[in-house]
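Residue numbers (full-length UniProt numbering): 1 to 273.
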């Protein structure tokens, strides 16, 4: 459907007005940036010594590299567990058994509706109260558990939508050769759905990485908390900016990977047509 059917295309006056508003907004934003830089300069935050300290061997050895490792470790474990969770409950969402379908839907919707931070805090205090793990391990377990349940619920929905988008003939072909509905799902539909979901799954890894920063609230020593600890030494702005840059670089690389996979799959699909 053409976009002009949904709304009227702007005329010459409207386009000039939009251009003028865009220029004014850009000038206001530029002015705010200049004011912010001026204030930072007055406080000495732009001095070279403060920024070069972020590139010393000690800063990376004791702050940034351990923080990156903790972030990647929590995100890596969480995404593996979330994939398993999502596959199980995603298949349950499209099950032919009504009870399994309803139960899976209830679990998925429950964990999708709870903010990740609330789950992290709840797991952290529950583990501390029960004493199941060593106190130093509780933040890691709480972060991984919360990320697993929330993102696993999201992946379950991706599985459900991926299977639902397949042509109906896929299931009929499996049933016609004697496979049960469960075997058809496992051997025919699910592999194709996972292939279609790969770009979305990689994009979900970006969400996991960003949400791992919430672990700083429960003392997990990921990148953000490590940067905050370094900022406690006097340089408040620089460690946080460096942490933000590292997050942007990692997430941008993952976004590029997701785009590459999506283009490869599109080429493969066009080649088979």
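Just so you know, even glycine gets a beta-carbon here, dropped at the ideal spot from N, CA and C.
Report yes if the CB atom of residue 158 is closer than 8 Å to the CB atom of residue 189, and no otherwise.
Translated into positions along the chain shown, residue 158 becomes position 158. Translated into positions along the chain shown, residue 189 becomes position 189. No, Cβ-Cβ distance for residue 158 and residue 189 is not below 8 Å.
Give the range of the alpha helix (DSSP H) segment to which residue 64 is assigned.
Against the chain shown, residue 64 aligns to sequence position 64. From DSSP, residue 64 is part of no alpha helix (DSSP H); its letter is neither H nor E.
Exposure label - residue 107; buried when at least 16 CB within 10 Å:
Within the chain shown, numbered from 1, the residue matching residue 107 stands at position 107. Buried, because 16 or more other Cβ atoms sit within 10 Å of the Cβ of residue 107.
Integer-rounded CB distance, given that residue 210 should sit under 8 Å from residue 251:
As a working mapping, residue 251 is identified with position 251 in the chain shown. As a working mapping, residue 210 is identified with position 210 in the chain shown. Yes, they are in contact, since the Cβ atoms of residue 251 and residue 210 sit about 7 Å apart, within 8 Å.
Excluding the 5 residues flanking residue 94 on each side, which residues of the same chain have their C-beta closer than 6 Å to its C-beta?
As a first step, residue 94 is located in the chain shown; it is residue number 94 there, counting from the start. 160, 163, listed in sequence order.
By the three-class DSSP mapping on this structure, what secondary structure does residue 239 have?
Along the chain shown, read from residue 1 onward, the residue named residue 239 stands at position 239. Residue 239: helix per DSSP, three-state reduction.
Cα-Cα separation between residue 66 and residue 92, rounded to whole angstroms:
Locating residue 66 in the chain shown gives position 66, where the first residue counts as 1. Locating residue 92 in the chain shown gives position 92, where the first residue counts as 1. Residue 66 and residue 92: Cα-Cα distance of roughly 39 Å.
Identify every run of the alpha helix (DSSP H) within the region 149 to 201, keeping only runs that are complete inside it and at least 4 residues long; order them along the chain.
168 to 176, 181 to 184
Short Cβ contact (8 Å threshold) for residue 198 with residue 187
Sequence index remark: in the chain shown, residue 198 carries index 198 (1-based). Sequence index remark: in the chain shown, residue 187 carries index 187 (1-based). Cβ atoms of residue 198 and residue 187: not closer than 8 Å.
Kindly list the residues whose CB is nearer than 6 Å to the CB of residue 70, restricted to its own chain and excluding five residues on each side of it in sequence; keep chain order.
To locate residue 70, count along the chain shown from 1; it is residue 70. Once the five neighbours on either side are set aside, the close Cβ partners of residue 70 are 221, 222.
Between the region 228 to 247 and the region 37 to 50, can you find at least three pairs of beta-carbon atoms closer than 8 Å?
yes
Which of the three DSSP states is assigned to residue 133 in this structure?
For this step, residue 133 is matched to residue 133 along the chain shown. Here residue 133 sits in coil by DSSP.
Report buried or exposed for residue 132, applying the criterion of at least 16 other Cβ atoms within 10 angstroms of its Cβ.
Sequence index remark: in the chain shown, residue 132 carries index 132 (1-based). Exposed, since its Cβ has fewer than 16 Cβ neighbours within 10 Å.
C-beta atoms of residue 138 and residue 128 nearer than 8 Å
For the purposes of this step, residue 138 is taken as residue 138 along the chain shown, with counting starting at 1. For the purposes of this step, residue 128 is taken as residue 128 along the chain shown, with counting starting at 1. Yes, these two residues count as a Cβ contact at 8 Å.
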